[in-house]
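Let me begin by presenting the structure, written as structure tokens, before commenting on it.
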Amino acid sequence: MARICDACRPSGDRRASDADRICHRLDADPRAPRPRARHNESVHPEFWLTDDQRALRDLVRQVARERIEPLAAHVDETEAYPGDQLKVLAEQGVMGLWIPEAYGGTDLGVTGFCLAVEEIARACASTAVVFLVQFAAGYPLVVAGTEDQKRRYLPRLASGEITTAFSLSESGAGSDAASIATTALRAGDRYLLSGTKMWVTNGSHAGVLTVFATVDRGRGRRGITAFLVEPTFPGFAIGKLERKMGIRGSPTAAIHLTDCEVPIENRLGEEGDGFRLALGALERSRPAVAAQAAGIAQAALDAAVAYARERHQFGQPIASFQGVQFMLADMAMHVHASRLMVHHAAASIDRGAPTTALESSMAKCFASDSAMRVATDAVQIFGGYGYTREYPVERLMRDAKITQIYEGTNQVQRLVIARELGAGARG
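The numbering of the sequence shown is the numbering used here, which starts it at 946 and goes up by one.
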């Protein structure tokens, strides 16, 4: 019989929540049959994960295989928004993994969230990035939002009624986030936001966006402030939608703000808190991007191993050739090492480590570089077929590339790593 774990047990008269529904699945009868593992899935569960974490991973893996992976090629080819896939995740309580129970979520930590991201990315990277940006955009609300703000938005995000977006980058402020030019002018009981945001993942579909603007350019990063902006606010407009190489089902939009009227009650925290909140969100979401990269890499490895076993040349499977074996071995090592780094960074955050910038940047940088390498090698193993859309590896290679760029380029990650090691030069 399924049971609800103590951490997620409902209290008082509260009705069973998404947390309860997930836990019923997490604690299902261990004697029940489980889906057969793929050829390169270890039959021994990772010892560092709890039983609940492993069960969550298995649940999301099954849902992703059955309901998300079959649609991945269509999403890529048509640039279709994965709205139905997000609804499926919401039905399973997965959309609220990062949201406290009091607001309808399950709050299973960064580790639980990263486990879900990897399995979703393994099935469809476009769905995964829309899913993971919910955490990046929602983190400032969870840690700095008022009770009113949380009750207005978090239950709707947990249920999948609305989605959110993280709106920080601008044409002249990408890696240099402190240089944003979007302004927020106080006008009585509201702020007037003016500027253009770029590269806003899910910007065209979000019901609320976390937007960063400066109340005083002369204060530099100390003037940056965060706001909850709804697309219905006067002065808000969706601009150009980018045509991208990969993650084509994930909409990437420009957002135009022209004296956009934002009520003062939609300011997150105090004036000047925005830069700290943005860095905190990025530090916590980088392991999730690394998990997305690990999922893409695992999918590429899955495909390469299966193809190498099936493809025959010179009267034998190409998997019997030492050159191919070496490639597969290197690919497997990169996937496994990436996963370990993701879990280490996520666990450090969950344990409340004073700083996790080093672990987060290492995981993001290594896993995304590995995903690009593994996906490229998968295309090579497929040969000419790998360059066609008949097989998924070319899509995986295109999807992998962006993980080296967003959430801070890997060059920036290396600078962060060097700085955290005490080797960063300071002028």
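Heads up, the beta-carbon is just placed ideally off N, CA and C, and yes, glycines get one too.
When DSSP states are grouped into helix, strand and coil, I1362 belongs to the helix group. Following the DSSP letters along the chain, one finds R1284 inside the alpha helix (DSSP H) bounded by residues 1267-1295.
With 16 or more other CB atoms across the displayed protein chains lying within 10 angstroms of its CB, H1279 is buried.
Per DSSP, R1131 is one residue of the beta strand (DSSP E) stretching across 1128-1132. Straight-line spacing of the CA atoms in R1166 and A1123 works out to 5 Å. In this structure, E1063 places its C-beta atom within 7 Å of the C-beta atom of A1239. When DSSP states are grouped into helix, strand and coil, R1256 belongs to the coil group. Straight-line spacing of the CA atoms in E1304 and M1286 works out to 8 Å. In this structure, the beta-carbon distance from L1042 to A1061 falls below 7 Å. Annotation: P1045 to D1052 spans about 5 Å, alpha carbon to alpha carbon. Ranking I1200, G1180, I1169, R1296 by CA distance to the CA of S1116 puts I1200 first. Contiguous beta strand (DSSP E) elements confined to the region 1115-1182 occur at 1128-1132, 1135-1146, 1153-1159, 1169-1174, taking only those with 3 or more residues. Secondary structure of C1205 (DSSP, three-state): strand. Contact annotation: E1216 and T1170 have beta-carbon atoms nearer than 7 Å. The three-state reading of DSSP puts Q1261 in strand, counting E and B together.
The residues V1287, A1308, K1309, A1312, in chain order, have a CB closer than 6 Å to that of A1235 in the same chain once the five nearest residues on each side in sequence are set aside. Between Q1037 and V1008 the beta-carbon gap is near 6 Å, inside 8 Å, which marks them as a contact. For I1200, the beta-bridge partners assigned by DSSP are K1142, I1183.
T1321 sits in a helix when the DSSP states are folded into three classes. Cβ-Cβ separation between A1244 and L1341: approximately 6 Å, consistent with a contact (criterion under 8 Å). With fewer than 16 other Cβ atoms from the protein chains shown falling within 10 Å of its own Cβ, Q1258 counts as exposed. Judged by beta-carbon spacing, A1223 lies beyond the 7 Å limit of F1327, meaning their Cβ atoms are not closer than that value.
P1176 has its alpha-carbon roughly 37 Å from the corresponding atom of D997. Inclusion of V1338 and A1242 in the CB contact set at 7 Å is not warranted, their separation being larger than that value. Distance between E1255 and D1314, taken at the CA atoms: about 28 Å. Proximity of the region 1015-1025 to the region 1187-1195 meets the contact definition, three or more beta-carbon pairs being nearer than 8 Å.
Under the DSSP assignment, F1111 falls in the beta strand (DSSP E) whose first and last residues are 1109-1112. Beyond the five residues adjoining it in sequence on each side, R1135 comes within less than 7 Å, by CB distance, of E1206, V1207, P1208, I1209 in the same chain, given in chain order. Checking the DSSP bridge columns, you'll see R1002 has no partner listed.
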